[in-house]
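Residue numbering for the sequence shown follows my numbering, beginning at 429 and increasing consecutively.
One structure is given here, and the rest of the page talks about it.
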Amino acid sequence: MDIKTKIRNLKISGDLIWISLLFLFIAANAYKCTVFRLILSDLKNPYFSTAFSYYSSYLMLCSFVFLLLFRLKQFWLAVVFYSLQFLFLSVNLTYYFFFESYLHLNQYIHLFNEAVQLLRHTAAPLEGRLFIVFLDLPLLVGLFFFRKHISFRSPPLRYAVYAPFLILLVKLSLWNPLKSERLRDIIDDRYAGELLAVKKFGIGMVNLVNLTRINQDAKYLKALNNKGKLIETAIDTSAEVPGFFVIQIESMDSYVINKKHKGRFITPFLNRLSKTAVYYPYTLSYHKAGSTSDCEFSVINSLEPLDHFPSMKIRNYNFPNSIARSLAKDSFDVAIFHGNRGEYFNRRIAFKKMGFPAFYDIFDMKLKKVRWGAPDHEVFNFALRSLQSAKDPFFYYLITMSSHEPFTFTESYYQNPRYDDIGGKKVRNFFQCMSYVDSTLNSVVTRIREMRPNTVIFIFGDHTPGIKNDLYKQASFKESGMYFEFTPLFIITPDNRKYSEKKRVASFLDIVPTILSICGNHHGIHSYGVNLLEPDKEFGPIPYGGTQQDRKILFQKIHPSDNKSRKRHN
């Protein structure tokens, strides 16, 4: 065989390799886009026609884009496009897996700093399905090594880019927007509207529509103006007004209170407390666009936070319904504590607007960062030292973070070997964190009651831990495109009142009305919540995502004794 023949054979071989790699890459890229669309459309067992329709559309689109870029010999542009696509898919999937809702372009902008902090401290949730975004990466690497062989000189390849383009034009020409519901109208339907929009149009189109709404503060302010009825409770000047210590626990969901390992409770103190205090096992959490910050927003202001924008970051909003401002005007000693830096989720500015005279973050408390933020017990110690000099009555609000995902922040200061035999790392670490939280709360509650016996203590979780495996089923379920999360709520009163709710769920909106039922107020707070210390009265529905949720029905759906509802969890 002469040299020319060998060179020709090598060229043919090289052509076959890069052509095969290119079309396999395009097919794999379209497949991962299809899986992405099916996941976000909440289609666990999609019809073949639906999946094929998604795949054929993405195949045409990916073919046109990548064939065009490779034909123009702009490999770097192909890499840039792929990188942006990779980032878009991975960020949206990560957010969806944790929040069971969709990330919007305005959230990309306003949550950028928070996302960087999550990544720095490996606190962003990971799930196995996320690795679908890496499916076509080896094929792209292979194309990189054969990029010099890429040529579209032969007639079939020269016109290959036009075929998917023409098919896309035909599909667009057959689509009659007059026969389809308007995307904007579908999105505006808060009750499952966004899920329907993603199913019909895809998350990309939904994001483009939301891009036109980045500056819509007036709409946000209008939504937050729906505050409920005015709560008017007279102040009894003859009675001694108690103090209030409100504790918001990171990632503590309802089911962990009764969870056992090796025949012993994970949280023995809280389990005992469920029998000796006022206990609402299922409290509906408002865990939306603002992540954990939505929880303190909804508790302090007795308002449902916004669906698609961090409520703590709204400009020109002064939080007029804040319980902190009302109690400060009534001469309460008011303060709030958090072991993270104050700029996270705009807390320093937002808490000041809410009327907190004092906000102590990790720097104000002069505490050392351990992995991410200050350890909870050190934050509690600082708050208790402050309590020694606080005047009566007082209102203290403390937000913990040691039990934040990935549940590894307590490793350097707390060890409980009882959980070492658990196979799942995430569940093992979660139980460790909850054991630490339980031990810390036991000590803190004892000290508060010794220092200030006339104190009402609220303890509640902010949201579920994001664990979805057979080792631990978190207290959540999804229905009609809406995600419901439940956390426990304990109320410890000076007179040691006991009550355990067996039929209804509570909500974060109920905490302020309960506080005001005890101390009254001069300034008026609006709320859809109820007084949880009057369980004999009828409780109204809970506003959630544009709907009114029946408390008894929610209880039946989340209570684990209901086998039918258990199948729907996660």
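Cβ atoms here follow ideal geometry from the backbone N, Cα and C, with glycine treated the same way.
With 16 or more other Cβ atoms from the protein chains shown falling within 10 Å of its own Cβ, Y710 counts as buried. Judged by DSSP in its simplified three-state form, D964 adopts coil rather than helix or strand. In chain order, V872 place their CB closer than 6 Å to the CB of F808, counting only its own chain and leaving out the 5 sequence neighbours on each side. When the Cα atoms are used, V637 and F737 turn out to be separated by approximately 15 Å. Note that the C-beta distance between L658 and H950 is not below 9 Å. Less than 9 Å divides the Cβ of T522 from the Cβ of L558. Every alpha helix (DSSP H) stretch that sits fully inside the region 699-761 and reaches 4 residues is listed by chain position as 721-729 and 751-757.
Apart from sequence neighbours up to five positions away, the residues of its chain that approach Y683 with a beta-carbon distance below 6 Å are A903, ordered along the chain. A Cβ-Cβ contact shorter than 9 Å links D761 with P821.
Contact between the region 779-795 and the region 856-864 is absent: fewer than three C-beta pairs spanning the two stretches fall below 8 Å.
In the displayed model, Q816 falls within a helix according to three-state DSSP. With the rule of 3 Cβ pairs closer than 8 Å, the region 671-685 counts as touching the region 884-895. Distance check between I578 and each of V561, S721, K655 and I445 places I445 closest, using alpha-carbon atoms only. Taking the C-beta atoms as reference points, F837 is found nearer than 9 Å to M829.
Three or more Cβ pairs closer than 8 Å define a contact, and the region 446-460 meets that threshold against the region 561-576. Spanning the alpha carbons of R743 and D722 requires a straight line of approximately 16 Å.
The three-state secondary structure of L563, taken from DSSP, is coil. In the DSSP assignment, S484 falls within the alpha helix (DSSP H) that extends over F476 to R499. Within the DSSP secondary-structure output, Y824 pairs in a beta bridge with F673 and A763. For L731, the closest C-alpha among the options N653, N746, R776 and V669 is that of N653. Distance from the CA atom of A456 to the CA atom of S485, rounded to whole angstroms, is 13 Å. Selection R880, V727, F725 and G770 evaluated against A818 yields R880 as nearest (Cα-Cα). Annotated three-state conformation of F693 is strand, per DSSP. Under the three-state reduction of DSSP output, N520 falls in the helix class. As DSSP reads the structure, M633 sits in no beta bridge.
Distance check between V933 and each of H987, D923, I885 and G691 places H987 closest, using alpha-carbon atoms only.
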